Every structure is written in structure tokens, then in C-alpha cells.
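Below: the structure, in C-alpha cells.
Numbering (the UniProt record's numbering), first residue to last: 1 to 273.
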């Protein structure tokens, strides 16, 4: 004996359906009330009552070929979300200077707004001191600019080994790298690159994981704040930057694609999402 509470109403057939199956009539004709296939027809299950209860009206959804979103509400339809987005944005504190730099030198002009000439001059002096101590030639301004450009290009076209960019093999070598700088000179600059003035190692500096680049971070934070500031609704977002540097500040995350990263936080505006 089957308990009535376990049997669902969707397992009960009406008398008309049973009679049609007994007569073997498999070619059932659609009634005039049937809807076209231009939309989706969802039929609700029967109520838990008698089998003689009438079927509920089917629910029709217009089919557009696109996935059905879980909700039809958008930012434009929601007054609260629209007001948040309308009252948020990015304020350019030096709009005229930014426009002038871009019109004059393009992307290099924007790059120079953050990596200023004074910063490059300091890095060049500190690195030259380290190179000369190792018996190498001092770093020139054109070499520093070329080095920075090659580092940016490596982030766009990543390879497993830095030496592969100067490789003579068919599918590895990059002619632009060979024409810009010799591989040995690039490696010498990279090994001697300094982002701070020489300073004695103390107990405080040893405990500071970022003491070698803290001055550089302060410089960029100041330039970012002077250039653009988010307005209205904003959030503090956690970010991870891929790195191969030998640093105690590096975090190992086995669940990520890039497992070794530096974690930092950024201030983001509403329009960036």
C-alpha cells in the first residue's frame, strides 16, 4: 500500500488522458487554445487535491534566444542604484595637465606623470653606483628608458625565461628586444636596479618586509592622489599582483593561476565595476 502523502499530484492522470492511451491514439491534435512556439510554456504542477480539479493556466514567457536573467531589475530601473552611479565618478585634479601630456607625447606623456623625471634620475643614480661597484658602466638616461620599456613589453608578451626574448630560435626570439638592448646589459641593469638610496641595515629595516621599495610606494600613492580621486560611492578592493621577486612580502596561493603574488589594496569607484 502506497502512502497518499508520498504520491505527488503530477503522477495522477485524468480520465481523458487514460482513455486516450488505452485507445492507442498517439497522434493527438493540438487544440485551438494551444500557444505558438514563439514563447516558452511553463505548466505549473497540479495542486494537492482531487484529480478532477482543473489545470491551472500555463505561464508564458517571451523567448528571445537569450538566457533568462534571474531578475529583470537593472541599474536604470532601480532609482537607488541609479542615484549611486550618478553621484559617483572620478575627479581629475590635474585635467588640463593630463590632457596636455597626452596630446604632446601620447601614452608616454601619461607614463611620465607618474614615473616622473626626478624619480627616474634618482633610480639612475642609485643603480649606477651599484653598477660601478661591480665594474660595469654607469646607467644612462636612454638605457633606463629602454629598460623600463622592455620590462613593460615582457608583461604583455610573457615567456618562461627572460633569455628567450633574445633567443635565435624561430618561435622564441623577439627582434625588438635584440634591437633595443643587449641581453647581458639588460641582465646587469636588472640585477643592480635600486629603488632607494643606500642605507645601513638595522633591526627596524630587517623587520620591514617592504623597506627596499617603501619609498617607491609612497611616491606612487602621492602621484595617484594628486592626479585622480574617486567621488561618491567607492570601495577598498583587495588585489593580487603576480611577481617572481625573491621577497618575504610575497604570498603563496596554491588555488590561484599565478600562485606567487604580492597582495595590496586599491580604492575603486562605482563606475569601475
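Glycine is no exception: its CB is placed at the ideal position from the N, C-alpha and C atoms.
Just so it is clear, the structure is predicted and the values come from calculations on it, not from any experiment.
For residue 175, the three-state secondary structure derived from DSSP is helix. If you check the CB distance, residue 183 and residue 116 do not come in under 9 Å. Beta-bridge analysis with DSSP links residue 241 to 262. For residue 255, the number of other beta carbons within 10 angstroms of its own is below 16, and it is reported as exposed. Taking a contact as a CB-CB distance under 8 Å, the pair residue 127 and residue 194 counts as one, their CB atoms being some 5 Å apart. Annotated as distal: residue 253 and residue 266, with beta-carbon spacing of 9 Å or more. Following the DSSP letters along the chain, one finds residue 146 inside the alpha helix (DSSP H) bounded by residues 141-156. Going by beta carbons, residue 102 and residue 110 fall inside the 9 Å limit. About 11 Å separates the Cβ atoms of residue 186 and residue 148, ruling out a contact at the 8 Å cut-off. Under the three-state reduction of DSSP output, residue 251 falls in the strand class. Residue 229 sits in a strand when the DSSP states are folded into three classes.
Note on residue 165: 16 or more other CB atoms within 10 angstroms of its CB, so buried under the neighbour-count rule. Leaving aside the five residues that flank residue 215 on each side, the residues in its chain whose CB is nearer than 6 Å to its CB run, in chain order, 196.
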